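Visitor:
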Amino acid sequence: MSLRSRGLAMRKGYEAKKWTHRTSPKNSTSVEALNIQSITNICELKDKLKEIISAGKNYEHDVSSCLKALLSRSDQDIVLSCVQAISELAKCDIKRETYAHKEFIDPLLNIVSKEISAESVELVKQCCRALGNLCCDCDAARNIILDNNGPATLMKLLTKTLGDDKLAEIRLLTSKTLLNFAIGGKQFSESIVNEGVIDVQHKILLRESLKEVMNDEEVTTALLILSVINDNTPELLFEPHINKIVLEVLQETSSMAVSELCLEHLLTQAEHEEVKSLLAREGGVQLLCARLEGLRARRATGELAGPHAELDALAKLACDLIVIVLTGDEAMRALYGEGAGAVYLQAVRWLEAGEGELLPTALLAIGNFARDDRYCIQMMENNIYDKLLDIFEKYYERAVGEAVGAGDSVGAGEAVGAGEEEGADEAVGAGEAEGESAGAERVQHGALAALRNLAVPAQNKVRALRGGRAVPLLVRALPAVRHHHVAYKLLAALRMLLDGAGCAEEARGAARQVVGALGAVARWAGAGHAGAAGEAPRLVARLVGLLGAEATPALLGALGGAEVRGALGRFVGARPDLAGEVSRRLEAVVATISDEAEDGVQ
17 MSLRSRGLAM RKGYEAKKWT HRTSPKNSTS VEALNIQSIT NICELKDKLK
67 EIISAGKNYE HDVSSCLKAL LSRSDQDIVL SCVQAISELA KCDIKRETYA
117 HKEFIDPLLN IVSKEISAES VELVKQCCRA LGNLCCDCDA ARNIILDNNG
167 PATLMKLLTK TLGDDKLAEI RLLTSKTLLN FAIGGKQFSE SIVNEGVIDV
217 QHKILLRESL KEVMNDEEVT TALLILSVIN DNTPELLFEP HINKIVLEVL
267 QETSSMAVSE LCLEHLLTQA EHEEVKSLLA REGGVQLLCA RLEGLRARRA
317 TGELAGPHAE LDALAKLACD LIVIVLTGDE AMRALYGEGA GAVYLQAVRW
367 LEAGEGELLP TALLAIGNFA RDDRYCIQMM ENNIYDKLLD IFEKYYERAV
417 GEAVGAGDSV GAGEAVGAGE EEGADEAVGA GEAEGESAGA ERVQHGALAA
467 LRNLAVPAQN KVRALRGGRA VPLLVRALPA VRHHHVAYKL LAALRMLLDG
517 AGCAEEARGA ARQVVGALGA VARWAGAGHA GAAGEAPRLV ARLVGLLGAE
567 ATPALLGALG GAEVRGALGR FVGARPDLAG EVSRRLEAVV ATISDEAEDG
617 VQ
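First residue of the sequence shown? That's 17 in our numbering, and the numbers climb one at a time after it.
See below:
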């Protein structure tokens with residue numbers, strides 16, 4: 017079972033594997049109930065209750081009326097056995113529905129609301145088990161608890177147990193009951209949040225993090241409660257001390273299950289800028305890089321051989337978290353550290369390796385560091401741009417070789433996949449390249465995104481164009497690109513180079529090279545994928561701006577079809593800021609394409 021599957025099973029309930037059994041009570045229900053009600057000897061009654069407890073979910077008779085009556089007995093041993101019986105019977109889906117009524121739940125809540133004595137510890141523990149089992153996949157029980165002040169009662173009980181090792185089992189069972197209750201949805205999780213469950217779970221996590229050996233079950237339950245709250249209220253921003261303790265637990269734990277829950281929590285919270293900054297400031301990203309580097313080193317030495325699904329899943333979560341933190345401006349600047357930051361330098365080392373499972377993360381990290389012009393200039397001087405070209409060329413050629421080996425016609429295939437929206441924000445996200453069929457395409461996507469961002473400063477454009485390598489390589493690759501995510505970034509990287517001020521002659525020379533690949537540009541303009549289809553007309557407009565009338569024959573020769581005409585027309589209509597001459601030439605091209613289409617119909 018995967019970590020994620022295991023986590024879901026735990027969320028379903030701490031005895032979920034026992035709750036899948038469904039049995040219907042036998043028709044002899046009333047006879048069995050009458051037999052129990054007729055028992056007057058206490059020892060015989062206890063033995064009968066032990067029989068029910070032992071059979072548990074497999075007990076065939078409906079004895080709910082007897083148990084309801086026994087709950088009000090003054091004999092605490094009888095009440096304890098009765099509660100145990102309810103707890104066991106509630107593991108069965110159908111029987112759970114029988115006991116999900118106020119006449120059972122209210123007495124249980126009443127018991128746990130009282131002060132705990134040495135004599136009542138076991139009874140309170142069994143009441144928590146019963147309430148937890150009744151809450152499993154049962155909104156009827158949850159609603160009764162909600163309507164009868166159950167959240168406040170359970171939270172008061174949980175608070176009593178803090179710091180008292182003699183009540184550790186009650187503390188754990190109460191937390192698990194709250195977990196099963198909260199899983200029901202937002203109204204249930206919000207009710208325990210309002211009663212202070214987050215701060216109480218923080219205290220539990222803090223206490224465990226200070227131990228030499230953490231109680232993984234208690235930590236896991238606390239993290240699952242936070243996770244359910246995250247799921248039910250995704251817009252909720254936890255207080256800094258909550259996210260910080262989760263990070264500290266991640267640092268201290270050796271459990272993969274606990275690590276996964278920590279990473280999932282932080283990933284959800286890292287949608288907030290404040291959390292990105294906190295993780296950068298508190299060493300969270302450095303921790304992830306160190307863990308990933310350690311994993312890479314163990315694989316390199318052969319200590320870890322072959323695939324390891326659980327470790328791979330953790331590594332992916334860590335990589336995703338690194339990248340999402342770097343999409344934050346403040347976090348990115350802190351981690352760059354003027355070119356000396358540990359995270360930046362680690363990304364460069366992974367980049368220089370040029371291979372391995374961490375290369376895509378390194379590329380996305382570099383792409384995000386390249387959102388500040390000063391950093392772009394510094395990275396250009398350190399030859400990062402050339403390293404990116406090396407990586408792109410290597411993986412582009414690898415992808416072409418794989419396509420040829422598979423018998424595909426390179427450059428002839430349809431682009432497949434969901435559209436990518438065009439936007440001004442060029443932060444490079446971990447999810448943008450998801451769903452691609454080959455690792456080579458994912459690497460190409462990351463390399464091109466970083467190349468595009470590095471080419472934003474004018475002096476970097478000059479250096480790249482005068483280097484004479486980037487444009488020929490990108491133009492050569494364009495016809496062979498099969499995936500729209502890669503095409504989008506490739507078109508953007510080319511256009512960014514042609515936007516160069518102060519190197520007009522080099523830009524015009526580069527534009528003439530791009531004209532030779534206009535057929536591929538046209539293919540993406542009409543492909544219907546938002547990112548590539550939006551970027552292609554921008555590149556065409558830049559070619560017209562650089563080459564003027566010189567570009568028109570090539571444009572007319574390469575551009576055609578209703579999709580291309582529509583894409584260019586929409587682009588011109590949406591860009592009133594285009595230079596007049598560029599706009600007029602594009603409009604003329606669109607009109608000519610339209611006229612030729614009409615002539616063809618005639």
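Ideal Cβ positions, reconstructed from N, Cα and C, are used throughout, including at glycine.
Nothing here was measured: the structure is a model prediction, and the numbers come from that model.
Only counting the same chain, and skipping five residues up and downstream in sequence, which positions put a Cβ closer than 6 Å to that of Trp540?
Guide: Cβ neighbours of Trp540 beyond the five flanking positions: Ala503, Ala548, Ala552.
Visitor: Measuring only the C-alpha atoms, how far is Arg390 from Leu189?
Guide: 55 Å
Visitor: Report the three-state DSSP secondary structure of Val364 (helix, strand or coil).
Guide: Three-state DSSP puts Val364 in a helix.
Visitor: Look at the Cβ atom of Ser466, then the Cβ atom of Leu562, and state whether they are nearer than 9 Å.
Guide: Position check: residue 466 holds Ala in this sequence, whereas Ser was assumed. Not in contact: Ala466 and Leu562 (Cβ atoms no closer than 9 Å).
Visitor: Should the stretch 162-181 be regarded as contacting the stretch 207-224, the criterion being three or more beta carbon pairs within less than 8 Å?
Guide: Under the three-pair Cβ rule at 8 Å, the stretch 162-181 counts as touching the stretch 207-224.
Visitor: Out of curiosity, what's the CA-to-CA distance linking Leu150 and Cys108?
Guide: 10 Å
Visitor: Compare the C-alpha of Asp402 against each of Arg479, Thr175, Leu351, Leu514 and name the closest.
Guide: Proximity to Asp402 across Arg479, Thr175, Leu351, Leu514 peaks at Arg479, based on C-alpha coordinates.
Visitor: Could you compute how far the alpha carbon of Val339 sits from the alpha carbon of Ala526?
Guide: Val339 and Ala526 have their C-alpha atoms spaced approximately 33 Å apart.
Visitor: Flag this pair as touching only if the stretch 341-355 and the stretch 291-299 have three or more C-beta atom pairs under 8 Å; answer yes or no.
Guide: yes
Visitor: Comparing the CB of Ala541 with every heavy atom of the ligand ADP, is any distance shorter than 8 Å?
Guide: By its list of ligands, the structure shown contains no ligand whatsoever, and the ligand ADP lies outside what it can speak to.
Visitor: Using only the alpha-carbon positions, how far apart do Leu361 and Tyr352 sit?
Guide: In this structure, the straight-line span from the alpha carbon of Leu361 to that of Tyr352 is close to 8 Å.
Visitor: Determine, using beta carbons only, whether Ile186 and Ile127 come nearer to each other than 9 Å.
Guide: no
Visitor: Should Pro376 go down as buried or exposed, given a rule of 16 or more other Cβ atoms within 10 Å for buried?
Guide: buried
Visitor: Going straight from the alpha carbon of Val556 to that of Val537, what length do you get?
Guide: 8 Å
Visitor: Rounded to the nearest angstrom, how far is the Cβ of Gln267 from that of Leu303, given a contact under 8 Å?
Guide: For Gln267 against Leu303, the beta-carbon gap comes to about 6 Å, under 8 Å, which counts as contact.
Visitor: Give me the Cβ distance between Ser191 and Ala146, rounded to the nearest whole Å; I'm assuming they're in contact under 8 Å.
Guide: Contact between Ser191 and Ala146 fails: their C-beta atoms lie close to 15 Å from each other, not under 8 Å.
Visitor: In this structure, does DSSP put Ser88 in helix, strand or coil?
Guide: coil
Visitor: Since I believe Ala363 is in contact with Ala378 (beta carbons under 8 Å), could you give me their beta-carbon distance rounded to a whole number of angstroms?
Guide: 5 Å
Visitor: Could you give the DSSP three-state label for Ser271: helix, strand or coil?
Guide: coil
Visitor: With a threshold of 8 Å on Cβ separation, who are the neighbours of Ile393 within its own chain once the five nearest residues in sequence on each side are excluded?
Guide: Cβ-Cβ distances below 8 Å link Ile393 to Pro473, Gln475, Asn476 in the same chain, with the five nearest sequence neighbours on each side left out; the list follows chain order.
Visitor: What residues in its chain sit with their C-beta under 8 Å from that of Leu283, if we drop five residues either side in the sequence?
Guide: Taking Leu283 as the centre and dropping the five residues before and after it, the same chain places the C-beta of Leu333, Asp336, Leu337, Ile340 closer than 8 Å to its C-beta, in chain order.
Visitor: Is the stretch 248-262 in contact with the stretch 306-320, if contact means three or more CB pairs nearer than 8 Å?
Guide: Per the Cβ contact rule, the stretch 248-262 is not in contact with the stretch 306-320 (fewer than 3 Cβ pairs under 8 Å).
Visitor: Buried or exposed for Ser103, please, with buried defined as at least 16 other CB atoms from any protein chain shown within 10 angstroms of its CB.
Guide: buried
Visitor: Can you give me the C-alpha to C-alpha distance between Ala567 and Leu330, rounded to a whole angstrom?
Guide: Going from the Cα of Ala567 to the Cα of Leu330 covers about 51 Å.
Visitor: Apart from the five residues just before and just after Arg365, which ones in its own chain have a Cβ nearer than 6 Å to its Cβ?
Guide: none
Visitor: For a quick check, are the C-beta atoms of Ser207 and Leu162 less than 9 Å apart?
Guide: yes
Visitor: Which runs of the alpha helix (DSSP H) fall wholly inside the stretch 60-131 and span at least 4 residues, in chain order?
Guide: 80-86, 92-105, 109-115, 118-128
Visitor: Might you give, ordered along the chain, the residues of its own chain that have their beta carbon closer than 6 Å to the beta carbon of Asn519, omitting 5 neighbours on each side?
Guide: Before going further, note that residue 519 is Cys rather than Asn in the sequence given. Closer than 6 Å at Cβ, skipping near neighbours: Val478, Leu481.
Visitor: Would DSSP call Thr343 helix, strand or coil?
Guide: coil
Visitor: Distance, Cα to Cα, Asp155 vs Lys111?
Guide: 14 Å
Visitor: Which runs of the alpha helix (DSSP H), 4 residues or longer, sit entirely within the stretch 161-243?
Guide: Fully enclosed alpha helix (DSSP H) runs of 4 or longer: 166-177, 184-198, 202-210, 213-225.
Visitor: Whole angstroms is fine: what's the gap from Tyr75's alpha carbon to Glu113's?
Guide: Distance between the alpha carbons of Tyr75 and Glu113: 15 Å.
Visitor: Alpha carbon to alpha carbon, how far is Leu374 from Ala325?
Guide: 16 Å
Visitor: Roughly how many angstroms lie between the CA atoms of Thr249 and Leu195, to the nearest whole one?
Guide: 15 Å
Visitor: From which residue to which residue does the alpha helix (DSSP H) around His668 run?
Guide: Shown here, the chain extends from 17 to 618; a query on residue 668 therefore has no answer.
Visitor: Assuming contact is defined by CB atoms lying nearer than 9 Å, are Ala116 and Ala71 in contact in what I supplied?
Guide: Not closer than 9 Å, so no.
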